[in-house]
Amino acid sequence: MPEELEKRLQSKDILRGLLEGTLDGETIRQIQRGVKDEDRFEKVLEIEQERVPWAERILVPLQEHLYVVKKGDEIIVKCFCGYEYGDYRHNWKLDALVYERDPSDGEIYVGQRGCDPEWMILREFYCPGCGAQLDVEAVVPGEPFIFNQLPDIEGFYAKRPSLQKKVLGGSIEKR
Amino acid sequence: MGKLKDRLIEREKNIAAGKYPELAVQKEGLIDWEILCSRLSSLVQNAREMARRISASPVVREMGECVFALFTPEGEAIAFSTGLFLHVPNKGATIKWMVRNDYEEKVGINEGDIFFNNDPYIAGTHAPDQISIAPIFYQGEIVGWAGGLNHVPEVGAIEPGGTTILAQTRYDEGLFMPCIKIGENHKLKFDLEQLVERSIRPSVWWLLDNRARAAGLRIIEDGVKELIDEYGIDKYMKAIYEYIEDTRRAAIRRVQSVLFPGKYHAVNYLDIPLKDLPVRHPLNCIVRIPVETTILPEGELTFDFEGSSPAGAFPFNATLPATNGNIINQLIQMLFYDTKYNHGTSQCYKLLVPPSVINPPSLVYPTGMWITGVLASGCVVECVSRAYYQMGYREEVCAGPPTLPFMHVGGRDPHGRPVSISLFQSGYCGMPASAVFDGLDVAYAAYNPQVDFADAEMWEKIMPLLYLGRRVHCDSGGFGKYRGGNALEELFMVDEVVDKFDGSIGISSCTVSAKAFVHHGIMGGYPGACSYRTYIRNSNLKELIDQRMPLPHGEGDDSTNPDWVKLGVSGEIHTVAAHIPETQFKKYELFHMMNSAVGGYGDPIDRDPRLVKRDTELELSTLRSAEKVNCVAIDPETLEIDYDKTRELREKRREDRKKSGILAREYLDKQREKIIRGELPPLAKQCLNDCFKGSDRFLQSFVEFWQLPKDFRKIS
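Line by line, the protein sequences give chains P and E. No gaps in the numbering here: position 94 of the first sequence is 1195 in the numbering used here, and each next residue is one more. No gaps in the numbering here: position 671 of the second sequence is 859 in the numbering used here, and each next residue is one more.
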């Protein structure tokens, strides 16, 4: 891939388009095929920090709508809308709204396309702040909430001291 | 102890101690080193392409279900062709098994030998995946092995087509030949061909594929000898281990640089509704496959499957080689897509798999439809996706892969010849949604991403069915901000009466995700739709044809009022969310088949309305789902978007969710009571209780999560 094209594909403007869903398919495929930029995390962090309407420092974007942020001495999960879920080491789902859907209710799936509720249910997790649907678990009744991800923030930043200084201005205390 | 066994033990000891080769030959001359590697890759690729042209099977010839490789003397892959990536660790396992079981002394390993294996407990996934291996000698010393594998569509199981949903033991699954010497002096043995000829239904696929693989092995063998002549034996024997080591290092660097360290969890399930089938032990159950993925900052990856359901009397178990193969298959596609294809990628992760449905504790468990292995890899995909998301590489985030429904046909082809085959195009499912675009429709076979769809006309030449239609099944992909790829639907008319007594009769179908969602969404996306089958007996299709009336080509966009009903097809219409055992059909009867649709990504009401409009224009999605699921208002006449109404619908949906959702703590309290009183559906109880028996850790986490009494042991 020509160096100029590679640089362009790795620019913040293009990455912003990737995050916001404004890129065309061919550009996305070129990004997929290209060399992975080593500073992607830093650039995406900057883009996300510019997008969110609140001031807390993002430590890592967790998933759609959700971020792990530094709030005072705490590290918490926070929604784009501002709703706060508490310590990131606890499953944010415990502070969300839950709707247990009968998959044969005809709302999402029609006819035979929904599963048999005697076999499986859908658990939809909504943000109490904005009503975004953050996760859908397709599980047997009785399955504990799935704790999808617990990022190792200390381990990650310990390997990147200059980034840690830039993002936090210091170290994260061992928790 | 033979020489090969010494080498294998030494090699494994060194790897366990972290003693890996230095890249001395690479340092001497990188360009030459890379050129040799490239020539080895070309050799195995050449073998694959040539073998495809010899095979009679459309599965290999048209679709490319075939892979070749070169191995070290110890059985580690040096170079792999494209094709079935899930066999990267598998074929080498055949060699290791032979070496560990003293084949050098007990059977003899000589120049010109060809060994065969289709025992999935040794290597491979099921009886149809057939491996041929040949040792490569240079001046009397073994310098490596050539290997070839392809899927053979008939193996003599209790139903035609290579895999059977009725299998409840291994002994129902056809002819197994574990590490048998099928050739000497580069010639296939006549007596073993007789064994195959007389043990299975049409043997042409198996026997000709044997020859195709033998030819491919010869290409690799001769090519390696020429390269050794050119490069010298010392340089060659050092370089082949360096390719593996270089890949191992590259794989670890890749994990360190693109995946955010942490712990990740995912859980998949498989529905197994066999109670109404003519099986010896009727059962319904649901099996659970959880994973805890640990990614360390140093790049170490561990996949721990503790808490998985036990193996059972159904063909959906996956052997450990099959489970590992599925995982490496997905890792190659997601992470290691631009490293060299060799054993090095298998050396960068640890797999912890207890005796379970994805590592059966004894040979008796059938594994013909190793879907649980795919689901194990689906859990891994979800974890890796989340780690990618956190690092910012959104273009690599996706929902889990599709599993493989099958349709098998036995009978007579249009020329009156007996036929028994699995219709492999049913493996081409929707591609999972990613974080940046929709999954491609009908575009992806998880186990073999390179494969090509065979022409309908090719299939019609070899089976007693005619296509009335082959289409994208609209609205089947999981809804989301980006939707999962839609499934394939096919409508067949039975062309000839199948012969009752020749052992090859009827149509059977494995219907994955009939009762439970198997293809989950991610980060707010919905699972792909469940699957079902429709067949119409004693139909009036002949009359409609004679009257030149329009015929249905598929279900249409309303599954509650399908096109065959709208167009006046009558008869006994059966729509079942179930597996179909081998069933005879008559001419002019119809069979409707769909394969797997996969999960969506993100909240469906975050979907760009222009994508919703495009889908309705292309009949990939309906106006109903546009409004009800994506909350996009589209004028049914003009198909134009009403953006104001869309904003209102979405705002209302958010408010409705806040009203209908209850606080998680309240939900937990209610569920706890149900669990204590045993008020869960019987299948859920059975599933969870079975998992408790196999894992104290899961039981403990279950008790802690639901805050149950400390002496809780099972759901009553």
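Don't be surprised by glycine CBs; every beta carbon is placed ideally from N, CA and C. Small disclaimer: the values here were computed from a predicted structure and weren't measured.
Leaving out five residues before and five after residue i in sequence, what residues of the same chain have Cβ atoms less than 7 Å from its Cβ?
i: I793/E; result: N818, C819, R838 and R841
i: Y1189/P; result: V1169, I1176, I1177 and V1178
i: Q874/E; result: C473
i: N1192/P; result: F1246 and F1248
i: N674/E; result: G618, D629, V630, V660, H661, C662, S664, G665, A785 and L808
i: G300/E; result: E372, N373 and H374
i: E908/E; result: This structure does not reach residue 908/E, given that chain E is present from 189 up to 904, and the question cannot be answered.
i: F705/E; result: P715 and C718
Comparing the C-beta of residue i with each C-beta of chain E, is any distance below 9 Å?
i: M1102/P; result: no
i: R1158/P; result: no
i: P1262/P; result: no
i: D1203/P; result: no
i: V1211/P; result: yes
i: R1117/P; result: no
i: Q1111/P; result: no
i: L1198/P; result: yes
i: Q1250/P; result: yes
i: L1269/P; result: no
Can you name, in chain order, every residue of its own chain whose Cβ lies under 6 Å from the Cβ of residue i, other than the five neighbours on each side?
i: D663/E; result: S809, T810 and S813
i: W1155/P; result: G1183
i: M557/E; result: T351, P503, F504 and C698
i: D803/E; result: S809
With a threshold of 9 Å between beta-carbons, can residue i be considered close to chain P, or not?
i: V455/E; result: yes
i: F705/E; result: yes
i: Q578/E; result: yes
i: P870/E; result: yes
i: K801/E; result: no
i: D629/E; result: no
i: D459/E; result: yes
i: E805/E; result: no
i: L887/E; result: no
i: A205/E; result: no
i: V446/E; result: yes
i: K688/E; result: With a pLDDT of 49 at K688/E, under the threshold of 50, the modelled position of this residue cannot be trusted, and the question is left open.
i: R845/E; result: yes
i: W894/E; result: yes
i: V624/E; result: yes
i: T763/E; result: yes
i: F890/E; result: yes
Could you check if residue i belongs to the surroundings of the ligand NAP, using beta carbon to heavy atom distance under 8 Å?
i: K413/E; result: Annotation note on the ligand NAP: not contained in the displayed structure, which lists no ligands.
Tell me which same chain residues have a C-beta within less than 8 Å of the C-beta of residue i, skipping the five on either side of it?
i: K193/E; result: V287, R288, D290 and E292
i: A345/E; result: A315, T351, T352, A355, D360, E361, G362 and G556
i: I368/E; result: F303, F304, N305 and L380
i: E222/E; result: none
Chain B beta carbons: is any one of them nearer than 9 Å to that of residue i?
i: L1235/P; result: You won't find chain B in this structure, because its protein chains are P and E.
ask   = Mind listing which residues of the region 1173 to 1195 of chain P have their C-beta closer than 8 Å to chain E's C-betas, in chain order?
value = K1194 and L1195
task = Please name the residues in the region 708 to 720 of chain E whose beta-carbon is closer than 7 Å to at least one beta-carbon of chain P, in chain order.
result = H708, G709, M711, G712, G713, Y714, P715, A717, C718 and Y720
ask   = Which runs of the beta strand (DSSP E), 3 residues or longer, sit entirely within the region 561 to 625 of chain E?
value = Qualifying beta strand (DSSP E) stretches, in chain order: 594 to 600 and 606 to 610.
The region 443 to 451 of chain E / the region 733 to 749 of chain E touching (three or more Cβ pairs under 8 Å) = No contact exists between the region 443 to 451 of chain E and the region 733 to 749 of chain E.
key: the region 460 to 479 of chain E in contact with the region 494 to 504 of chain E per 3-pair CB rule at 8 Å   = yes
query = Would you call the region 527 to 537 of chain E and the region 252 to 266 of chain E touching, i.e. three or more CB-CB distances under 8 Å?
reply = yes
task = Run through the region 292 to 343 of chain E for me and flag every whole beta strand (DSSP E) of 3 or more residues, listed as ranges in chain order.
result = Listed in chain order, the complete beta strand (DSSP E) runs (minimum 3 residues) inside the region 292 to 343 of chain E are 302 to 305, 317 to 326 and 329 to 339.
key: Three or more C-beta pairs below 8 Å linking the region 535 to 545 of chain E and the region 648 to 663 of chain E   = Touching, no, given that fewer than three Cβ pairs across the two stretches are closer than 8 Å.
ask   = Residues in the region 224 to 255 of chain E with C-beta within 8 Å of chain P's C-beta atoms, listed in sequence order?
value = none
inquiry  = I want to know whether the region 596 to 606 of chain E touches the region 571 to 587 of chain E - three or more CB-CB distances under 8 Å.
reply    = No, because fewer than three Cβ pairs between the region 596 to 606 of chain E and the region 571 to 587 of chain E fall closer than 8 Å, the two stretches do not touch.
ask   = What runs of the alpha helix (DSSP H), each 4 residues or longer, lie entirely inside the region 1139 to 1227 of chain P?
value = 1141 to 1152
task = Indicate whether the contact test is met: 3 or more Cβ pairs, each with one atom in the region 236 to 251 of chain E and one in the region 395 to 408 of chain E, closer than 8 Å.
result = Segments in contact, yes.
Members of the region 1121 to 1153 of chain P near chain E, C-beta cut-off 8 Å = The region 1121 to 1153 of chain P vs chain E, Cβ under 8 Å: G1122, L1124, G1126, I1129, I1132, Q1133, K1137, E1139, R1141, F1142, K1144, V1145 and L1146.
ask   = If you pair each beta-carbon of the region 241 to 253 of chain E with each one of the region 1256 to 1266 of chain P, do three or more pairs fall below 8 Å?
value = no
query = Looking at C-beta atoms only, is the number of pairs between the region 698 to 709 of chain E and the region 584 to 599 of chain E that lie closer than 8 Å three or more?
reply = yes
key: Any 3 or more C-beta pairs closer than 8 Å across the region 1253 to 1262 of chain P and the region 1225 to 1233 of chain P   = no
message = Along the region 814 to 840 of chain E, where does the CB come closer than 8 Å to a CB of chain P? Name the residues.
response = Legend: CB atoms of the region 814 to 840 of chain E lying less than 8 Å from CB atoms of chain P belong to residues K816 and V817.
ask   = Does the region 704 to 714 of chain E come close enough to the region 727 to 738 of chain E to have 3 or more Cβ pairs within less than 8 Å?
value = Contact fails: fewer than three Cβ-Cβ distances are below 8 Å.
query = Are there three or more Cβ pairs, one per stretch, closer than 8 Å when the region 509 to 527 of chain E is compared with the region 460 to 470 of chain E?
reply = Verdict: no, contact absent.
ask   = In the region 645 to 698 of chain E, which residue ranges form an unbroken beta strand (DSSP E) of at least 3 residues, counting only runs that do not cross its ends?
value = 653 to 661, 675 to 682 and 694 to 698
message = Quick test of the definition: if touching needs 3 or more C-beta pairs under 8 Å, does the region 310 to 324 of chain E touch the region 557 to 573 of chain E?
response = These segments touch.
ask   = Contact between the region 327 to 337 of chain E and the region 404 to 416 of chain E: three or more CB pairs below 8 Å?
value = Because the criterion of three Cβ pairs below 8 Å is met, the region 327 to 337 of chain E and the region 404 to 416 of chain E touch.
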